[in-house]
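Below is one structure, written out as structure tokens, with a few remarks after it.
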Amino acid sequence: MVSPPHTKAVLIYNPIAGRRRKQRLQQLQRVQEQFERAGIRVSIQATTAPGSGSALSREAVQAGADLIVVCGGDGTINEVIGGMAHSAVPLAVLPGGTANGLARELRLPLDIEAAARLIPSATPRRIALGRVGERYFLSMVGVGFDAQVLTQIAGNWKDRLGMVHYGIQAARQAAFQPFAPFTVSAGETPLEATFACISRTRYYGPFRMIPEADLFSDRFHVYCFPSRKLFRYFIYTLALFAGRLRRLPDVVSFSASRIRCEDTAESETPVLYQVDGELAGRLPITVEIVPDALTLLAPARADGGSG
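Mapping to the numbering used here: the sequence shown position 89 is 86, numbers consecutive.
Next up, the structure:
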């Protein structure tokens, strides 16, 4: 009999993320039973406060876990990564959030139990992480407009009402707040933007926004949106829904491994940024690739690149 590649797993989940929260623990207990039938002992641990995901993953690594599984949204995944970056312990992802952008990127089933069945046979792949300041991330950094929208979404309402609530707040932001400009540079002439998405993944929430991005490369792909006009942001939104952003002539895209974003003299209010869907701070920032920083368990059908 072949021994399983992992025997001691810690499953970290966010009890208030996503939908079907009341059934979440029951789902994860069934996942635990699946794993134990495959020879993998699983300890289930819930996050309790902002930042606790990092502490739980750090403790799991120190306690000798040989697999960490995270079930939550992209923000929960971000926390867990922060506590295990540069370790040899692999990370597996279960779709427990609202938009589940990373799960979509990995082409996982959006059903938790179906996704869990793929983990024992998944392939470990060593990948890069992004870093802004001291914070690591797996998916993306948004600067300007979308970060400002997050300031209007209090507490857990982003998870409770999902993309509908986000869309309402985005419309309010576009209609009533000024578009604060900033610059984006990657070693050449700076570009001016009011929104920039610096991404390792193709998905922006549930939308396939940046098809050129590749989680398994050591580069970011960047989309810069320059307009300060409400009508133009309406066009951007329609193009996002239709999967045609890269066809718009004023949307500038490029790839780089290090990006600098700074306020301009016209920035009358602080320009904010978010990391993996969580408000993180204000400019200036430097966003950079950290190679060989995480082992990710990816199903065989997961791949990167455009298309």
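Using N, Cα and C, we set each Cβ at its ideal position, and we do this for glycine too.
At a cut of 8 Å, does the segment 97 to 111 reach the segment 258 to 268 through at least three beta carbon pairs? no
Top-ranked residue by Cα proximity to Leu91, from Gln59, Ser84 and Leu8: Leu8
Length of the line joining the Cα atoms of Asp71 and Pro223: 26 Å
To which residues of the same chain is Leu212 closer than 7 Å at the C-beta, ignoring the five residues directly before and after it? Cβ neighbours of Leu212 beyond the five flanking positions: Glu102, Ile124, Arg197, Thr198 and Gly301.
Which ranges would you report for the beta strand (DSSP E) in the segment 220 to 288 if only whole runs of at least 3 residues count? 249 to 253, 255 to 260, 269 to 272 and 275 to 279
Sequence-distant residues of its chain with Cβ nearer than 6 Å to Gly79 (five each side left out): If we look at Gly79 and ignore the five residues flanking it on each side, its Cβ neighbours are Ser51 and Tyr133.
Within its chain, find whatever has a CB closer than 6 Å to the CB of Asp289; leave out the 5 residues flanking it on each side and keep chain order. Arg123, listed in sequence order.
For Pro117, which residues from the same chain have a beta carbon less than 6 Å from its beta carbon, with the 5 sequence-adjacent residues on both sides left out? Ala35
Length at least 3, wholly inside the segment 75 to 155: the beta strand (DSSP E) runs in chain order: List check, beta strand (DSSP E) in window: 87 to 92, 120 to 129, 132 to 134 and 137 to 141.
Classify Leu212 as helix, strand or coil using the three-state DSSP reduction. Assigned with DSSP and collapsed to three states, Leu212 falls in coil, not helix or strand.
Is the distance from the Cβ of Met137 to the Cβ of Asp273 below 8 Å? Contact: yes.
Cα separation between Ala277 and Val77? 16 Å
Own chain partners of Pro11 with C-beta closer than 6 Å, once the 5 adjacent residues on each side are dropped: The sequence shown places Asn at residue 11, not Pro. Correct list, in chain order: Thr44, Gly69 and Thr73.
Does the distance from the CB of Arg216 to the CB of Ala253 come in under 8 Å? yes
Could you give the residue range of the alpha helix (DSSP H) that holds Ala46? Note, Ala46: premise wrong, no alpha helix (DSSP H); not H, not E.
DSSP three-state label for Arg55, please. Here Arg55 sits in helix by DSSP.
Straight-line CA distance for Tyr220 to Arg279? Spanning the two alpha carbons is a distance of roughly 19 Å.
Could you check what DSSP says for Gly36 in three-state terms: helix, strand or coil? The three-state secondary structure of Gly36, taken from DSSP, is coil.
Considering just the uninterrupted stretch of the beta strand (DSSP E) at Phe176, what are its terminal residues? First-last for Phe176: undefined, no H or E at that position.
Three-state class that DSSP yields for Gly72 in the structure shown: Residue state, collapsed to three classes: helix.
Separation of Tyr270 from Asp260, as counted between CA atoms: 12 Å
Buried or exposed for Glu56, going by 16 or more other Cβ atoms inside 10 Å? exposed
Contacts around Asn75, its chain only, beta-carbon distance under 6 Å, and the 5 residues preceding and following it disregarded: Phe134 and Asp273
Using the Cα positions of Leu158 and Phe204, report the straight-line distance between them to the nearest angstrom. Annotation note: pLDDT 48 at Leu158 (below 50); position unreliable, no value reported.
Are the beta-carbon atoms of Arg255 and Ala183 separated by less than 8 Å? yes
For Arg205, the three-state DSSP class (helix, strand or coil): strand
Would you check if the distance between the CB atom of Arg38 and the CB atom of Gly93 is smaller than 8 Å? Taking 8 Å as the Cβ cut-off, Arg38 and Gly93 do not qualify as a contacting pair.
Relative to the C-alpha of Gln26, which candidate in Ile13, Ala14 and Ser40 has its C-alpha closest? With distances taken between Cα atoms, Gln26 lies closest to Ser40.
Cut-off 8 Å between Cβ atoms - residues of its own chain near Val86, not counting five sequence neighbours on either side: Ala57, Val58, Ala62, Asp63, Leu64, Ile65 and Thr292
Could you pull the start and end residues of the beta strand (DSSP E) that Ala193 belongs to? Phe192 to Ser196
Measuring only the C-alpha atoms, how far is Trp154 from Ala14? Unreliable placement is indicated for Trp154, whose pLDDT of 47 sits below 50; the coordinate value is still reported in the next sentence. Their backbone Cα atoms lie some 10 Å apart in a straight line.
At the level of alpha carbons, what is the spacing between Ala89 and Arg243? 31 Å
Using the rule of at least 16 other Cβ atoms within 10 Å of the residue's Cβ for burial, across every protein chain shown, is His83 buried or exposed? exposed
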